[in-house]
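> Have a look at this one before I ask anything.
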Amino acid sequence: MSEDYEGKLERFRRSHTNPFNSSTSSGTTTTTNTTHDSTTTNHSDMEETAEGGGQSHGTSDSESRETESELELGAELGLTENHFPPPHGLAHVSRLEELEHAVEMCKVSVLEASEFSARREQALARLVQLRIKIQELKEPEDEEPDVKLLLDHRFRKRHSRSVKHSCERCSTLIWGVLQTWYTCSGCHFNCHSRCLDSIVKRCVRVKVSHQSEFELRICPEQGLDRQGFCCAECRAPIAMGLVANEARLCDYSGRYYCPNCHWNDAMVIPARALHNWDFESQKVCRSSLRFLTLMQGRPVLNVRHINPLLFKHVEELAQIKKLRSDILKMKPYLVTCTDALESRILLELQERQHFVENVDMYSMQDLIDVVVGRLSSTLTDVHTTFAKHIKLDCQRCQAKGFICELCRQGEALFAFDNHTAVCPNCSAVFHRDCYYDNATVCSKCRRLEARKKSLQHAPRGGGEGTPGEGAPRGGGGEGALSGDKEEGPRGAEVGDEDGDGDDDDLDNEVDDTR
Numbered sequence: 001m002s003e004d005y006e007g008k009l010e011r012f013r014r015s016h017t018n019p020f021n022s023s024t025s026s027g028t029t030t031t032t033n034t035t036h037d038s039t040t041t042n043h044s045d046m047e048e049t050a051e052g053g054g055q056s057h058g059t060s061d062s063e064s065r066e067t068e069s070e071l072e073l074g075a076e077l078g079l080t081e082n083h084f085p086p087p088h089g090l091a092h093v094s095r096l097e098e099l100e101h102a103v104e105m106c107k108v109s110v111l112e113a114s115e116f117s118a119r120r121e122q123a124l125a126r127l128v129q130l131r132i133k134i135q136e137l138k139e140p141e142d143e144e145p146d147v148k149l150l151l152d153h154r155f156r157k158r159h160s161r162s163v164k165h166s167c168e169r170c171s172t173l174i175w176g177v178l179q180t181w182y183t184c185s186g187c188h189f190n191c192h193s194r195c196l197d198s199i200v201k202r203c204v205r206v207k208v209s210h211q212s213e214f215e216l217r218i219c220p221e222q223g224l225d226r227q228g229f230c231c232a233e234c235r236a237p238i239a240m241g242l243v244a245n246e247a248r249l250c251d252y253s254g255r256y257y258c259p260n261c262h263w264n265d266a267m268v269i270p271a272r273a274l275h276n277w278d279f280e281s282q283k284v285c286r287s288s289l290r291f292l293t294l295m296q297g298r299p300v301l302n303v304r305h306i307n308p309l310l311f312k313h314v315e316e317l318a319q320i321k322k323l324r325s326d327i328l329k330m331k332p333y334l335v336t337c338t339d340a341l342e343s344r345i346l347l348e349l350q351e352r353q354h355f356v357e358n359v360d361m362y363s364m365q366d367l368i369d370v371v372v373g374r375l376s377s378t379l380t381d382v383h384t385t386f387a388k389h390i391k392l393d394c395q396r397c398q399a400k401g402f403i404c405e406l407c408r409q410g411e412a413l414f415a416f417d418n419h420t421a422v423c424p425n426c427s428a429v430f431h432r433d434c435y436y437d438n439a440t441v442c443s444k445c446r447r448l449e450a451r452k453k454s455l456q457h458a459p460r461g462g463g464e465g466t467p468g469e470g471a472p473r474g475g476g477g478e479g480a481l482s483g484d485k486e487e488g489p490r491g492a493e494v495g496d497e498d499g500d501g502d503d504d505d506l507d508n509e510v511d512d513t514r
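Numbering follows the UniProt record's numbering, in which position 36 of the sequence shown is assigned residue number 36; successive positions increment by one, without gaps.
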């Protein structure tokens, strides 16, 4: 009977005690002693004493011993709470270094303790906890990524303490110190981190790359009924009048937007500038503002094709057209000059590279600078620098000048001089007065035509050593034509004594043929 009772008591104790409690053996001894001391009472009293007072007394003793043991182990490992400052040598030790030091101490405790002792089990449990904490420190929780791709936007996380930015989605200020926010690297769209999932506006950078042209109709308004009384961008309901969701007109696109998509920003409208020469800023929506800002420096406006009358009515624009034309005529001299390439003189127009490529294309920033007066002064300085290099500083460029074939007087002429005229066929340069007094007849074109006719009527010489009878010197007709010198910026060449750019011996031969 006693053996059956002790078995039941042991099973009861196991089911109601902590399985990780290492002081079970001591608790068992205490409980057993208490039970045997109570055998003088009746059977029911003995069971009550064993299940009640004896168990509670043993449990409290085991818990106190377990707590004392853990405190002793924690004190040895340096893991107990210490309200006093650390020693002088460990004042700058990080949390990770402290945990690694505690791990080493735990290893020593495990090795020193006996194999099945409670101290060894506690040290092993504490070692596992320390390794978990070290792993958490080395691999922190996943933070928000620095780059997010959404609706063609490329958002980058910003770290700024400024409050001058506003969220494009909720139209509130961004507190950089307290809030996480992102900026699109393509269109500079600012947004809170919490508002990213509710964005409906696509990046206008894609529109700029695929649609590199402006809307050239002045405010192409359609009406709210065509939009279904909804915002043209986020489709929020809008209405006319002084209401919370009032409809705001964008002067560039001609559509209506809600207050979240239209902040009454003002920009110069390209259509008004080109058709009316009107540079007064008009109210535009946020998407149009970003589009116009990205397109402002792109040379996509062919002013001569869109409105050629501007060059007659706007004096500054006509002056800039003349300066750009002269710069294009200077370009062949500069790109073939080693001194100009070494000094990188062409880099003075690197911000407006289209000025050395064509005459007709302008950007919106160019037109704004024309009105302000900044572009005219800039081009005048560049024109002066280029002309000074060609006509004064560089002897190679000076040798590429022309001598007027009509009067054969004066200094070397260049195509960009104001008092010169250029033949449209052979690009020869003359004094303007001489050219028009000669009824715009180019002497060089006439001479080249005579040479061509003489070569066509002359018999082809086929001799190996000497040319055939009547054939020009230097070979047959085809060889003479292939031996002509190239056109372009040129001056006196080898065999050209009069500076007209042609071989004098061949000219004399043509005259003899006449």
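Note that CB positions come from ideal geometry on N, CA and C, so glycine has one too.
Report yes or no: do three or more beta-carbon pairs, one from the stretch 373-382 and one from the stretch 323-335, lie closer than 8 Å?
Yes, the stretch 373-382 touches the stretch 323-335.
> State the DSSP-derived secondary structure class of V429, mapped to helix, strand or coil.
Reading the sequence shown from its first residue, position 429 is the one you call residue 429. In the structure shown, V429 sits in a strand (DSSP, three-state: E or B).
> Who are the Cβ neighbours of A91 in its own chain at under 6 Å, not counting the five residues just before and after it?
Locating residue 91 in the sequence shown gives position 91, where the first residue counts as 1. Unreliable positioning characterises A91 in this predicted model, as indicated by a pLDDT of 41, which lies under 50. A coordinate reading is not provided.
> Can you tell me which residues form a DSSP beta bridge with E98?
As a working note, residue 98 is residue 98 in the sequence shown. None, per the DSSP bridge assignment.
> Less than 8 Å between C-beta atoms, sequence neighbours within five positions excluded: which residues of the same chain meet that for I134?
Looking up residue 134 in the sequence shown gives position 134. L96, L99, E100 and V103.
> What does the Cβ neighbour count give for E464, buried or exposed, with the cut at 16 atoms within 10 Å?
By 1-based counting over the sequence shown, the position of residue 464 is 464. Caution applies to E464, whose pLDDT of 45 falls short of 50 and renders its modelled position unreliable; the value that the coordinates give is listed next. Per the 10 Å Cβ criterion, exposed.
> Using the rule of at least 16 other Cβ atoms within 10 Å of the residue's Cβ for burial, across every protein chain shown, is Q409 buried or exposed?
As a working mapping, residue 409 is identified with position 409 in the sequence shown. Exposed, by the Cβ-count rule.
> At what residues does the alpha helix (DSSP H) containing N276 begin and finish?
Working through the sequence shown from its first residue, we reach residue 276 at position 276. Looking at the DSSP string, the run of the alpha helix (DSSP H) that includes N276 is P270 to N276.
> Determine the DSSP secondary structure at F355, reduced to helix, strand or coil.
The residue given as residue 355 occupies position 355 in the sequence shown. Of the three classes helix, strand and coil, the one that applies to F355 here is helix, per DSSP.
> Who are the near neighbours of R304 in its chain, counting only those whose CB is closer than 6 Å to its CB and skipping five residues on each side?
As a working mapping, residue 304 is identified with position 304 in the sequence shown. Result list for R304: D360, in chain order.
> Starting from Q398, trace the alpha helix (DSSP H) both ways and give me its first and last residue.
For the purposes of this step, residue 398 is taken as residue 398 along the sequence shown, with counting starting at 1. Q395 to Q398 is the extent of the alpha helix (DSSP H) around Q398.
> In whole angstroms, what separates the C-alpha of H262 from that of W277?
Here residue 262 corresponds to residue number 262 of the sequence shown, with the count starting at 1. Here residue 277 corresponds to residue number 277 of the sequence shown, with the count starting at 1. One C-alpha to the other measures close to 25 Å.
> Please report the straight-line C-alpha distance between R131 and S114, rounded to a whole angstrom.
By 1-based counting over the sequence shown, the position of residue 131 is 131. By 1-based counting over the sequence shown, the position of residue 114 is 114. Roughly 22 Å separates the two Cα atoms.
> Using C-beta distances below 6 Å, list every residue in its chain close to E221, excluding the 5 sequence neighbours before and after it, in chain order.
Position 221 of the sequence shown, counted from the first residue, corresponds to residue 221. Closer than 6 Å at Cβ, skipping near neighbours: G254.
> Put A450 into one of helix, strand or coil per three-state DSSP.
One-based indexing of the sequence shown puts residue 450 at position 450. DSSP places A450 in helix when its eight states are reduced to three.
> Beta-carbon within less than 6 Å of H419's beta-carbon, same chain only, minus the 5 sequence neighbours each way: which residues are those?
As a working mapping, residue 419 is identified with position 419 in the sequence shown. Excluding sequence neighbours, H419 sits near R432.
> Going by alpha carbons, who is nearest to C167 out of Q179, C191 and I403?
Walking along the sequence shown from the start, residue 167 turns up at place 167. Among Q179, C191 and I403, the Cα nearest to that of C167 is on C191.
> On a Cα-Cα basis, can you pick out the residue from F229, D369 and I345 that is closest to A273?
Your numbering for residue 273 matches position 273 in the sequence shown. A273 has its Cα closest to that of D369, out of F229, D369 and I345.
> Would you kindly check if the distance between the Cβ of H153 and the Cβ of G186 is under 8 Å?
Against the sequence shown, residue 186 aligns to sequence position 186. Against the sequence shown, residue 153 aligns to sequence position 153. Result yes, Cβ atoms of G186 and H153 sit closer than 8 Å.
> Just grab the DSSP bridge partners of S281 for me.
As a position in the sequence shown, residue 281 is number 281, starting the count at 1. In the DSSP output, where bridge partners are listed per residue, S281 has V268.
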